[in-house]
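As you go down the protein sequences, you meet chains F and U in turn. Once you know that position 133 of the first sequence is 133 in UniProt numbering, the rest is easy, because the numbers rise by one and skip nothing. Once you know that position 29 of the second sequence is 29 in UniProt numbering, the rest is easy, because the numbers rise by one and skip nothing. Structure first, commentary second.
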Amino acid sequence: MIACVAVVGHQNNPLYIQSFTEADDALKLHHIVHCSLDVVDERVNNPKKSGPTLNETFLGLLYPTENYKVYGYLTNTKVKFILVTTDLDVRDADVRNFFRRFHAAYIDAVSNPFHVPGKKITSRTFAERVSTIVKSFGLSSAG
Amino acid sequence: MGREVSESCVDSLLTEIVSTYNNRFYANKPELAARRIEAIGYQVGHQLSERYTMERPRFSDHLEAIKFICKDFWSELFKKQIDNLKTNHRGTFVLQDNRFRWLSRISTDPSVENTESQDPSAAAESKASLATMHVYFPCGIIRGALSNLGIPCAVSADISNLPACKELLLSYSVLSFYDI
């Protein structure tokens, strides 16, 4: 199950962050997302370490914690997508697929002429689309 | 991705933007009108660059981003690649397009031409100034796309030989630490 997704701008400013857990642990998840930004920076600035994923938008598993796994994705425009999941055996293809659909949703949201670049994404359509993608992520990994 | 826009719609829209800003909003301030049109282009380029770079690996340096603009971005927008790319290796790039599509069908109002200017050189001059107003929008698009890709820059266009020639002068103020 996906616990949290986040979109972070190129100056590490939060653009969209949404948790999908029942429990009241939003702050903890925000903290996890915040920590992952350092890992993203490290991956990008030390391309040798990231090995096969050189210059790929998908950054792979950033770091595992006791209960969560954190995945990252960096677009050409230096916007970061962070995914926090509670599943411990996640297929790479699922995560890639998730990020591709998430990226498409993000592009549609920022292409809205009323969206101000660099500001938080407030679009309700985007929120709905994201929750649909998050729900279908659970299904595809089960099947 | 599948949605497309008719080319003639884009042409008419561009013409209308230019004439509205020049003749109605900022009739006596052509510089301000140019800035506003450029700003619209900037926003469009900012959004388009996000969309068109989606399936691509990340760019490792500025030259790769410029190449993307010359090849893929240019052909998405103008249906052809640029004809020539020159650089002075100090952060200035010159992109040359010998048949810039958005200017290929430009012409001045014949009634204005007949009444105001009889000699052909003045007519050519008015045509050039009209064309100059029309390139602020594409210049803004290129600037918006590049700055979204992390290259803050200034873009200016040089139209010497209509409609055959369009040179885009691209220079950015960041002195890069690697040799481009």
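Think of the CB as a built atom: it goes at the ideal place given N, C-alpha and C, for glycine as much as any other residue.
Simplified DSSP state of residue i, which is helix, strand or coil
i	result
Ser36 (chain F)	helix
Thr20 (chain U)	helix
Val70 (chain F)	strand
Gly60 (chain F)	strand
Ser19 (chain F)	strand
Ser131 (chain F)	helix
Ile82 (chain F)	strand
Val110 (chain F)	helix
Ser147 (chain U)	helix
Glu42 (chain F)	helix
Pro30 (chain U)	helix
Ile106 (chain U)	coil
His31 (chain F)	helix
Pro138 (chain U)	helix
Val10 (chain U)	helix
Asn76 (chain F)	coil
Alpha-carbon to alpha-carbon, residue j and residue i
i	j	result
Arg124 (chain F)	Ile133 (chain F)	14 Å
Arg129 (chain F)	His10 (chain F)	23 Å
Thr132 (chain U)	Lys29 (chain U)	15 Å
Ser12 (chain U)	Asp83 (chain U)	26 Å
Thr92 (chain U)	Gly150 (chain U)	16 Å
Val94 (chain U)	Ala109 (chain F)	33 Å
Leu48 (chain U)	Ser111 (chain F)	8 Å
Leu14 (chain U)	Cys35 (chain F)	46 Å
Glu4 (chain U)	Arg101 (chain F)	20 Å
Ala154 (chain U)	Phe25 (chain U)	25 Å
Lys127 (chain U)	His134 (chain U)	11 Å
residue 182 (chain U)	Ala27 (chain U)	The shown model of chain U, from 1 to 180, leaves out residue 182 (chain U), and the question about it has no answer.
Phe126 (chain F)	Ala105 (chain F)	7 Å
Arg56 (chain U)	Ile142 (chain U)	18 Å
Phe20 (chain F)	Pro113 (chain F)	28 Å
Lys79 (chain U)	Lys71 (chain U)	10 Å
Phe73 (chain U)	His30 (chain F)	36 Å
Phe68 (chain U)	Asp24 (chain F)	45 Å
Leu74 (chain F)	Arg51 (chain U)	14 Å
Given residue i as reference, the closest of the options once Cα atoms are compared
i	options	result
Tyr68 (chain F)	F:Asn76, F:Phe137, F:Asp25, F:Thr86	F:Thr86
Val8 (chain F)	F:Asn112, F:Asn45, F:Asp24, F:Asp38	F:Asp38
Gly60 (chain F)	F:Asp94, F:His30, F:Asn76	F:Asp94
Tyr42 (chain U)	U:Leu146, U:Ser8, U:Asn23	U:Leu146
Val33 (chain F)	F:Glu22, F:Val84, F:Thr77	F:Val84
Ile159 (chain U)	U:Asp97, U:Asn88, U:Gln81	U:Asp97
Asn76 (chain F)	U:Ser75, U:His89, U:Asp61, U:Thr87	U:Asp61
Thr87 (chain U)	U:Met54, U:Leu77, U:Ile66	U:Ile66
Ser75 (chain U)	U:Glu64, U:Phe100, U:His89, U:Met54	U:Phe100
Val116 (chain F)	U:Leu130, U:Tyr136, U:His46	U:His46
Arg35 (chain U)	U:Pro152, U:Asn148, U:Cys139	U:Cys139
Lys80 (chain F)	F:Asp92, F:Val70, F:Ala26	F:Val70
Residue i - partner residues in DSSP beta bridges
i	result
Pro14 (chain F)	F:Val8
Asn84 (chain U)	U:Gln96
Ile2 (chain F)	F:Thr85
Any C-beta of chain U under 7 Å from that of residue i
i	result
His103 (chain F)	yes
Ser19 (chain F)	no
Thr125 (chain F)	no
Thr77 (chain F)	yes
Ser111 (chain F)	yes
Ile32 (chain F)	no
Ile107 (chain F)	yes
C-beta neighbour in chain F for residue i, strict 7 Å
i	result
Arg36 (chain U)	no
Glu113 (chain U)	Low confidence applies to Glu113 (chain U): its pLDDT is 49, below 50, so where it sits in the model is not reliable, and the reading given next is rough at best. Chain F contact via Cβ: absent.
Glu50 (chain U)	yes
Met54 (chain U)	yes
His46 (chain U)	yes
Val174 (chain U)	Residue placement at Val174 (chain U) is flagged as unreliable, the pLDDT there being 36, under the threshold of 50; the coordinate-derived value follows with that caveat. False, the Cβ-Cβ gap to chain F never drops below 7 Å.
Arg58 (chain U)	yes
Near the ligand HEM: residue i beta-carbon under 6 Å from a heavy atom
i	result
Glu42 (chain F)	Annotation note on the ligand HEM: not contained in the displayed structure, which lists no ligands.
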